[in-house]
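Under numbering that gives the first Met the number 0, read the sequence shown as residues 0 to 336, first letter to last.
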Amino acid sequence: MQPFDETTSTTGELSIPVEAAPNTGELDGATLARLPNLTDYRRAPHLQRQQVRQRPNTDALPAVDANTPLPPGSRTRVLRRHPRQLSEEQHAEFTRIREAYIQLQARYERDVAAIHNAHEQELATSHAQIQEVLAAHMALQQQHQELEQRFQALEQSLDATAEQKALEKVAHATGELEASPHQVPTLLQDAIDVLQRHAKEQEDKHLVEILFLKREMQSMAQQLEQKRGQVDAERQGLLSLQSSAKEQADLRLKWAHARLLARTRARAVIISLALLLLLLVLQFACMRLFNVSVNAGLSLALIAPLLICAVCSMCMATPASMVKTIYQGAPHKRKNK
0 MQPFDETTST TGELSIPVEA APNTGELDGA TLARLPNLTD YRRAPHLQRQ
50 QVRQRPNTDA LPAVDANTPL PPGSRTRVLR RHPRQLSEEQ HAEFTRIREA
100 YIQLQARYER DVAAIHNAHE QELATSHAQI QEVLAAHMAL QQQHQELEQR
150 FQALEQSLDA TAEQKALEKV AHATGELEAS PHQVPTLLQD AIDVLQRHAK
200 EQEDKHLVEI LFLKREMQSM AQQLEQKRGQ VDAERQGLLS LQSSAKEQAD
250 LRLKWAHARL LARTRARAVI ISLALLLLLL VLQFACMRLF NVSVNAGLSL
300 ALIAPLLICA VCSMCMATPA SMVKTIYQGA PHKRKNK
């Protein structure tokens with residue numbers, strides 16, 4: 000028979016493995032996570048007995064080595080000793096874990112306090128450095144203002160001194176010029192040269208501007224002449240168009256008047272001829288009605304006056320055109336040039 004293990008029982012109780020932690024006095028987070036939950040270690044025997052009751056009665060007992068048999072009393076002592084030993088081991092392990100947790104918490108608090116103190120020291124150092132920098136900045140700004148005030152005072156004094164000396168030199172040169180007008184003082188010679196050069200430059204500039212303006216005026220005059228010629232040509236064209244339009248209107252009016260007159264005369268001639276023809280017809284009708292004998296002489300005597308009257312009416316309707324037609328139709332002698 001095989002010997003019983005100290006961490007197991009023949010009734011099938013739970014075996015809780017316990018990892019040996021290093022004796023360094025400190026445990027990390029991974030070790031704490033791997034440790035079993037030992038808060039209810041007093042309930043371990045009760046849980047073991049409950050598991051034994053829940054198992055079926057047909058469970059096979061662990062194999063027993065026949066070479067090393069155990070008496071019944073030893074088995075009972077082993078079964079009774081194992082829960083107590085397990086409870087003591089769990090209690091010792093819980094105590095050790097609790098001490099390690101307390102040590103870790105104390106170390107954490109010490110680290111937090113050290114970090115807090117270091118942060119406060121850094122803040123104090125930074126505040127002191129900022130105060131020093133601000134003080135240095137204020138001092139530099141004050142020095143800058145003082146230097147600027149001194150510079151302005153020196154500049155004003157220098158300007159006043161230079162102006163006074165310039166006035167003295169100008170007064171001295173003016174006195175010399177009044178004493179000898181024909182001789183230019185040495186002090187004013189440069190100024191006179193500069194003024195003469197400036198006057199010459201201005202004169203040349205004005206001359207160039209005058210020449211430029213003259214050329215511009217000439218070009219503008221040429222453009223005006225061209226535009227005037229164009230306007231005259233356009234006006235002549237308009238006048239010619241107006242005269243031609245007037246002539247065409249007169250011709251249209253004359254043609255319309257002549258046409259109307261011709262229509263009137265033609266209407267009068269046609270009416271006259273129609274009346275003459277009607278008269279002739281009525282004469283023959285009356286002669287037939289009254290049984291008058293009609294012969295050739297009588298017919299000629301009736302028709303001849305009517306024809307003569309028709310020709311006379313036509314000639315009298317258009318006398319000028321008739322004369323012109325007769326004149327153009329007559330033969331003329333050619334004039335020798």
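Note that the Cβ used here is the ideal one computed from N, Cα and C, for glycine as well.
Query	Result
Distance between beta carbons of Leu279 and Leu305, contact taken as under 8 Å	5 Å
C-alpha distance - Gln151 paired with Gln142, whole-angstrom precision	14 Å
Cβ-Cβ distance between Leu272 and Ala309 below 7 Å	yes
Residue environment, Ala112, which counts as buried when at least 16 other CB atoms sit within 10 Å	exposed
Helix, strand or coil at Ser292 [DSSP, three-state]	coil
Nonlocal neighbours in the same chain, by C-beta distance under 8 Å from Ala284, ignoring five residues either side	none
Those runs of the alpha helix (DSSP H) which lie wholly inside the segment 125 to 165 and span at least 4 residues	none
Leu212 versus Arg196: straight-line alpha-carbon distance, rounded	24 Å
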